[in-house]
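Here is the structure we will look at.
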Amino acid sequence: MKPTRAVPVSGPDPARSLVGRFLATRDERAFRDLYRAATPRLWAFALRLAGGRAGEAEELVQECWARAVERLDRFRGDSAFASWLGGILVNCWRESWRELRWIADEEPPGEPPSPGTPPDPASRLDLESALARLPEGSRAVLLLHDVEGMTHAEIGDRLGIAAGTSKSRLFAARRAMARRLDTKIGGPG
Amino acid sequence: MSDLDDERGAPSPLDLLPRELPPPPALEARVVARLAARGLLTRRRAARWLAPLAAALAGLAGGWLLRSGGGRLAETAAPAAPAAGALYLLLIEGEPAETRPVAEMVATYKAWGSELAARGQLAGAEKLKDEGIVLAAGPGGPASPLEVGPATLGGYFLVRAGSLAEAEAIARDCPHSRLGGRVTVRPVDPV
């Protein structure tokens with residue numbers, strides 16, 4: 107089956123020239139241009155990682171940008187700028203959860219979601235709500251895999267877990283999502 | 319099927335979610351402030367053409383104008399009775415085409431403002447700060463941080479005039495318009 111969610115970079119990355127312009131001047135206006143180009147995606151990622159808690163997401167984005175600008179001259183353009191930035195965001199998020207046992211908060215894996223669980227009836231708000239209610243670690247794996255298009259090996263590297271653990275968390279996350287969406291759509295109450 | 323990435327071909331409910339969401343409007347300013355605090359970027363200085371206006375207003379406030387109530391009202395040290403006529407707002411916008419030394423501009427603004435005040439025609443004046451929020455409906459979201467640039471509103475004068483034509487004449491004599499800047503004149507609706 108053809109992959110549907112991997113996000114390969116095709117064509118020039120528009121953020122790259124903005125990065126170059128900012129590095130040449132370190133000017134506020136150049137940064138604001140870069141910020142406006144890259145933050146809508148970063149914000150969506152941060153808000154979902156934070157389980158919909160806007161205050162936490164704002165702190166994540168602020169710290170992410172601070173760290174990104176600190177090391178911006180090391181951005182080589184091997185990956186899309188959004189992916190590079192997303193990696194820094196995940197690191198910020200991991201640090202914020204280091205003391206909260208986010209690694210051990212998983213639901214046990216059970217039956218997999220039925221193939222092709224149709225998401226169509228669920229509204230976006232239902233999806234966001236179901237996503238926000240996932241355990242932190244499962245939510246991160248699901249986002250990195252299904253939205254960011256990362257492999258389990260990449261996720262494992264990013265989150266400091268085994269690739270097999272990433273896979274089992276994805277399995278559990280999808281199952282929990284399907285259960286919650288089914289309940290929301292057609293379940294009792 | 320034992321490959322670790324065998325799920326990537328399966329549909330995900332998250333496929334329906336937008337990849338991008340509009341960030342909170344105030345977040346940009348907070349990010350910029352954090353970067354500036356860590357010395358990671360050079361903050362843009364206030365528009366240079368506004369400096370004389372700010373200095374002149376400060377001078378006017380200390381010498382000719384007195385604060386009264388919640389605003390900076392125009393009252394001369396030897397108070398002039400408010401002139402007859404209606405109120406007109408003079409919006410100081412855009413960068414002037416010509417520049418002059420700051421000290422010269424401060425003196426020019428002071429002289430112009432003091433003369434208005436002495437005639438009882440200056441009812442208020444303020445320079446605006448650089449930061450702010452623009453609220454406007456649009457596909458990009460309801461609000462965005464204010465972008466300071468050539469078209470930015472920099473300050474205002476509230477003057478009394480007998481007619482729109484007289485208000486226009488006052489605006490034409492304003493140092494900002496004499497140097498090629500934009501001044502919008504709007505009558506205050508007394509409703």
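First to last, the sequence lines map onto chains A and B. Sequential numbering of the first sequence, starting at 107, is according to my numbering. Sequential numbering of the second sequence, starting at 319, is according to my numbering. Ideal Cβ placement from N, Cα and C applies to all residues, glycine included. Quick caveat, the model's predicted, so the values are computed rather than measured.
According to DSSP, simplified to helix, strand and coil, what is residue i?
i                        : result
lysine 273 of chain A    : helix
proline 505 of chain B   : strand
glutamate 411 of chain B : strand
aspartate 133 of chain A : strand
valine 445 of chain B    : The residue you asked about is not valine; residue 445 of chain B is lysine in the sequence shown. In the structure shown, lysine 445 of chain B sits in a strand (DSSP, three-state: E or B).
leucine 471 of chain B   : strand
valine 247 of chain A    : helix
alanine 210 of chain A   : Here alanine 210 of chain A scores only 43 on pLDDT, less than 50, and its place in the model should not be relied on; the value that follows carries that caveat. Residue state, collapsed to three classes: helix.
alanine 284 of chain A   : helix
leucine 124 of chain A   : helix
histidine 494 of chain B : helix
serine 330 of chain B    : coil
glutamate 433 of chain B : helix
glycine 262 of chain A   : helix
glutamate 254 of chain A : coil
alanine 489 of chain B   : helix
threonine 426 of chain B : helix
serine 229 of chain A    : coil
alanine 421 of chain B   : helix
Report the CB separation of residue i from residue j in whole angstroms; it is logged as a contact under 8 Å.
i                        : j                       : result
leucine 332 of chain B   : arginine 230 of chain A : The Cβ separation is near 10 Å, so there is no contact.
glutamate 338 of chain B : arginine 173 of chain A : With a Cβ gap of about 21 Å, glutamate 338 of chain B and arginine 173 of chain A do not count as contacting.
glutamate 416 of chain B : leucine 497 of chain B  : 4 Å
State the beta-bridge partners of residue i as determined by DSSP.
i                       : result
glycine 499 of chain B  : Paired residue(s): none; glycine 499 of chain B is not in a bridge.
tyrosine 406 of chain B : B:Val477 and B:Pro505
leucine 440 of chain B  : B:Val477
Mind checking residue i: buried by the 16 CB within 10 Å criterion, or exposed?
i                        : result
alanine 402 of chain B   : exposed
glycine 480 of chain B   : exposed
proline 505 of chain B   : exposed
glutamate 201 of chain A : exposed
proline 508 of chain B   : exposed
aspartate 252 of chain A : buried
lysine 273 of chain A    : buried
proline 120 of chain A   : exposed
glutamate 413 of chain B : buried
glycine 266 of chain A   : exposed
leucine 178 of chain A   : buried
lysine 428 of chain B    : buried
arginine 264 of chain A  : buried
serine 495 of chain B    : buried
alanine 483 of chain B   : exposed
arginine 239 of chain A  : exposed
arginine 478 of chain B  : buried
proline 419 of chain B   : exposed
Curious, which full-length alpha helix (DSSP H) runs of at least 4 residues does the segment 333 to 377 of chain B contain? 345 to 355
Which ranges would you report for the alpha helix (DSSP H) in the segment 137 to 202 of chain A if only whole runs of at least 4 residues count? Entirely contained in the segment 137 to 202 of chain A, the alpha helix (DSSP H) runs reaching 4 residues are, in chain order, 160 to 176.
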